[in-house]
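Structure record follows, encoded as structure tokens.
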Ligand code: URA
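In the numbering used here, the protein residues as written are 35 to 277.
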């Protein structure tokens, strides 16, 4: 697609239209090593890499699909109240272009969370009807046996739920660690299911969404990355149940 450079810059989160025009007229924007100083310049967006201030390279992206390894003590809400929001871990242009978390993790839960500015993607990944499987590693407060995993797979009764809720899979990794896969995202679901089964969740990490694992992304806590096409495909592929 061909667009004027001021519109392109705005779409990529570099500020208001006025601010983007100023960046151009100030000589801060170059493409292929050439400074563009007229904001009316029309540019092809396919394969475009924008250089800002002679140093930062920004490949053009029609939409952003990203993943973050959420650290503890960050909130996923867009208006966080007690802790910093996870969006503060992203570069400013991504916040400007309205990238948002896909679903929520509790402030003390760590691990894989997706971020995007594509409304259809956010809806497909987070709507309960789509049953996107999500896998968590829970650290248990009390040592458990396989009986705990079996109970979670058979279903446990949560307060305010009409019927017992079952995990898609549950596997005791060792007496203090349980891997559990759910296809719903009810409020505090893992913690409430563990409590209903007589244990307590001491710590929780989301380790996979669909077939995309946190370990495959090699992100330290607090780090994020853009998702490749293959990684987006993995989101919708069968998760590994360990069976
Ligand atoms: N279940 C929980 O209890 N907390 C989360 O953050 C995610 C799933």
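Backbone N, C-alpha and C fix where the C-beta goes; we use that ideal spot for every residue, glycine too. Here the structure is a predicted model, which means the values were calculated and not measured.
Item, Value
"Contact the region 250-268 vs the region 188-195: 3+ CB pairs below 8 Å", "no"
"Beta-carbon proximity list for residue 121, same chain, < 6 Å, skipping 5 on both sides", "129"
"Contact check, residue 154 vs residue 238, beta carbons under 8 Å", "no"
"Whole-number beta carbon distance between residue 218 and residue 150, since they are thought to touch under 8 Å", "That pair is no contact at about 21 Å."
"Meets three-Cβ-pair contact criterion under 8 Å: the region 76-90 and the region 100-116", "no"
"For review: beta carbons within less than 5 Å of any heavy atom in the ligand URA", "139, 140, 143, 222, 223, 224 and 225"
"Beta strand (DSSP E) segments (min. 3 residues) lying fully within the region 168-199", "168-174"
"Burial state of residue 159, where buried means 16 or more other Cβ atoms lie within 10 Å", "buried"
"Spatial distance of residue 213 from residue 184 (CA atoms)", "12 Å"
"Residue nearest to residue 255 in terms of C-alpha spacing, selected from 167, 209, 240 and 54", "240"
"Cα-Cα separation, residue 147 to residue 59", "38 Å"
"Residue 270 to residue 165 span [Cα, whole Å]", "11 Å"
"Integer-rounded CB distance, given that residue 93 should sit under 8 Å from residue 108", "That pair is no contact at about 27 Å."
"Whole-number beta carbon distance between residue 231 and residue 186, since they are thought to touch under 8 Å", "6 Å"
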